[in-house]
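Working notes, beginning with the structure itself.
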Amino acid sequence: MTDTSATIDKALQPGHFSPRLILSLSLCAAVMVIDGYDLAAMPLAVPHVTKAFGLSAADFGTALSAVLLGLGLGAILIAPLGDKYGRRRVIVIATTIIGLMTLGTATGTSIWEFTLWRLGTGIALGACLPNITALTSEIAPPDKRASTLTIVSLGISLGAIVAGLIVPQLVAIAGWHAIFTIPGLFTLILAVILHFLLPTSSVSPQADTASPKARPPMALLQLLRPPLLVATATFALLYGINAFALYLITSWLPTLLPQAGFSVDMAARYLSLLQFGGFLIGLLLARLLDYGHATAALAGIYVLIALALALFSVFAPDPVIWGALILIAGGGISGAHLAIMAVAAGFFPAHLLSSAIGFGVAVARIGAIGGPLLGGTIIGSGASVAHFFLIAAIPAIACLLTTLLIPIAQRQSKYNIG
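Using my numbering, read the sequence shown as starting at 7 and increasing by one per residue.
Written out as structure tokens, the structure reads:
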């Protein structure tokens, strides 16, 4: 197997958390925070932009969807370039484009302008995120790879939280434009820092000569044929179905709970509880992955998720009981979403890692779109809240069954890659 870790900065080679490694991981996490902010910025800006231009919130549907479409396109079409030209190069260029597109969003005066700026932002995000994940996987100590990946990935959630906290202040100080101008400038500054301080990680010319697989004519074809076919299918299915379940629940939870008798404020607090649970469960799963218990960890959490979702039909709405069920079910799905990426990082050779992660992210975008659509159909049918959660258990069970493929994927990808 061609291992690009041979070309990573020598200061990162010992396999422990040296100051240089901590700095590199912090920079990766900083990019995740910026990306998380950018994903949350437009939804938070919509009320202020509609007020400024006299538009309705419904008009912004295309602009809000554009970033998700762009993310999928960037992940599958551009992210693989990191395998060929080096992850740092793609990350720096993509981060620069994110900064420019974020600044451009502040100049928008029409729905179509906002849509184009957000589409460009999404494409750059799709190129950046898989390469950050791949680079983190390469430089992390092998015995703590899953935990390190999970902690760095939490930067996306942290960025969304930061957006929620500072957007009102930015608008109060400088108007809605500041939602994009100030973070856009910070992103460009970060791109410069990344250029000088982020470690290099690319397939060297020597490695290319040594292995015909180091420069695949079409990386996607390599991922979709033996010995990586099972690994690719397992990762894509698990990540895509989990994303479907995650967005099915998180998109409609604030609507469902008031129908069950909870206040709107309580529903918002439960959504925060879900995110907090995702942090904790994600870290717990990551530690189990570090010890080599991938199948048991993920299968176990999906059993708990399915049971928790089914129990909504057993217990009447109660703040404590339903809160616990939301913590287990929603937090479990959110935490599993972080852990799946850590599992996948061990499936693929380094020279295909960005391509594989990009493919998984693109599939997950389909799930992220499909989940809310199904939720709307369920609610529109007049189903009860309990029945909604019962239906949501179906993708959790599908994920449980998919985890049975993990040992096969690990054996084939680990031992059959020459």
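Where is the CB? At the ideal position from N, CA and C, for every residue including glycine.
message: Would Ala348 and Leu155 be called neighbours here (beta carbons separated by less than 9 Å)?
response: Numbered from 1 along the sequence shown, position 342 holds the residue referred to as residue 348. Numbered from 1 along the sequence shown, position 149 holds the residue referred to as residue 155. Contact: yes.
* Asked: Among the residues of its own chain, which have a CB less than 6 Å from the CB of Ser360, if the five just before and after it don't count?
  -> Within the sequence shown, residue 360 is the residue found at index 354, counting from 1. Correct list, in chain order: Ala85, Pro86, Gly88, Asp89, Pro136, Asn137, Ala140.
Quiz item: Start and end of the alpha helix (DSSP H) containing Ser153?
Solution: What you label residue 153 is simply residue 147 of the sequence shown in a count that begins at 1. 151–180 is the extent of the alpha helix (DSSP H) around Ser153.
*the segment 329–340 touching the segment 104–123, judged by at least three CB pairs closer than 8 Å*: no
Cβ-Cβ separation, Gly337 to Gly284 (assumed contact under 8 Å), whole Å: As a first step, residue 284 is located in the sequence shown; it is residue number 278 there, counting from the start. As a first step, residue 337 is located in the sequence shown; it is residue number 331 there, counting from the start. 5 Å between Cβ atoms; contact.
May I have the straight-line CA-CA distance separating Pro211 from Ala112, to the nearest angstrom?
Position 205 of the sequence shown, counting from 1, holds the residue named residue 211. Position 106 of the sequence shown, counting from 1, holds the residue named residue 112. At Pro211, the pLDDT of 38 sits below 50, so the modelled position is not reliable and the matter cannot be decided from this model.
### Query
Relative to the alpha-carbon of Thr301, which residue among Leu164, Arg275, Thr240 has its alpha-carbon at the smallest distance?
In the sequence shown, counting from the first residue as 1, residue 301 sits at position 295. Per the Cα distances, Thr240.
With distances taken from CA atoms, which of Val309, Ala47, Ser390, Ser30 is nearest Thr187?
Here residue 187 refers to the residue found at position 181 of the sequence shown. Considering only alpha carbons, the answer is Ala47.
message: Which residue wins for smallest C-alpha separation from His201, given the options Thr108, Val326, Leu33, Ala303?
response: Translated into the one-based positions of the sequence shown, residue 201 becomes position 195. Residue Leu33 is the option with its Cα nearest to His201.
Here's the rule: buried if 16 or more other CB atoms are within 10 angstroms of the residue's CB, otherwise exposed. What is Val270? Here residue 270 refers to the residue found at position 264 when the sequence shown is read from its first residue. The residue is exposed, with fewer than 16 neighbouring Cβ atoms inside 10 Å.
Q: Hey, could you find the ends of the alpha helix (DSSP H) Asp65 is sitting in?
A: Here the question's residue 65 lines up with position 59 in the sequence shown. No alpha helix (DSSP H) contains Asp65, which DSSP labels as neither H nor E.
Just the Cα atoms here: how many angstroms apart are Ala225 and Leu61?
Residue 225 sits at position 219 when you count from the first residue of the sequence shown. Residue 61 sits at position 55 when you count from the first residue of the sequence shown. Approximately 44 Å between the Cα atoms of the pair.
Measuring alpha carbon to alpha carbon, tell me which of Ala398, Leu203, Phe59 ends up nearest Leu31.
Working through the sequence shown from its first residue, we reach residue 31 at position 25. The option with the nearest alpha carbon to Leu31 is Leu203.
Rounding to the nearest angstrom, what Cα-Cα distance links Thr206 and Val369 in this structure?
For the purposes of this step, residue 206 is taken as the residue at position 200 of the sequence shown. For the purposes of this step, residue 369 is taken as the residue at position 363 of the sequence shown. Looking at the two C-alpha atoms, the distance is approximately 28 Å.
- Task: Count the other CB atoms, across all protein chains shown, that sit within 10 Å of the CB of Val55; report buried if there are 16 or more and exposed otherwise.
- Result: If you number the sequence shown from 1, residue 55 lands on position 49. Buried, because 16 or more other Cβ atoms sit within 10 Å of the Cβ of Val55.
Less than 9 Å between the beta carbons of Pro196 and Gly105, yes or no?
Position 190 of the sequence shown, counting from 1, holds the residue named residue 196. Position 99 of the sequence shown, counting from 1, holds the residue named residue 105. Before going further, note that residue 196 is Leu rather than Pro in the sequence given. Against a cut-off of 9 Å, the Cβ pair of Gly105 and Leu196 comes out as a contact.
Requested in this report: Measuring alpha carbon to alpha carbon, tell me which of Tyr297, Ala342, Ile199 ends up nearest Leu310.
Outcome: Taking the sequence shown and counting its residues from 1, one reaches residue 310 at position 304. The option with the nearest alpha carbon to Leu310 is Ala342.
Arg124, DSSP secondary structure in three states:
In the sequence shown, residue 124 corresponds to position 118, counting from 1. In the structure shown, Arg124 sits in a helix (DSSP, three-state: H, G or I).
Alpha carbon to alpha carbon, how far is Lys150 from Phe353? Give it in angstroms, no decimals. In the sequence shown, residue 353 corresponds to position 347, counting from 1. In the sequence shown, residue 150 corresponds to position 144, counting from 1. Cα to Cα, the separation comes out at about 16 Å.
| field | Tyr43 versus Met107: straight-line alpha-carbon distance, rounded | value | As a working note, residue 43 is residue 37 in the sequence shown. As a working note, residue 107 is residue 101 in the sequence shown. Answer to the nearest angstrom: the Cα atoms are 13 Å apart.
Checklist line | Start-to-end residues for the alpha helix (DSSP H) that takes in Phe202 | finding: Residue numbering aside, residue 202 sits at position 196 when the sequence shown is read from its first letter. 184–203 is the span of the alpha helix (DSSP H), which, as asked, contains Phe202.
Please report the distance separating the alpha-carbon of Ser71 from that of Ala81. Stepping through the sequence shown from its first residue, residue 71 is reached at position 65. Stepping through the sequence shown from its first residue, residue 81 is reached at position 75. Those two C-alpha atoms are separated by around 16 Å.
Quick check for students: name the residue ranges of the alpha helix (DSSP H) that lie wholly in the segment 91–116, counting only runs of 4 or more.
93–111
Would you say Leu313 faces chain B, with C-beta separation under 9 Å as the test? The structure shown contains no chain B; it holds only a single protein chain.
**Asked** What residue range is occupied by the uninterrupted alpha helix (DSSP H) comprising Gly386?
**Response** Here residue 386 refers to the residue found at position 380 when the sequence shown is read from its first residue. Gly386 -> alpha helix (DSSP H) spans 359–386.
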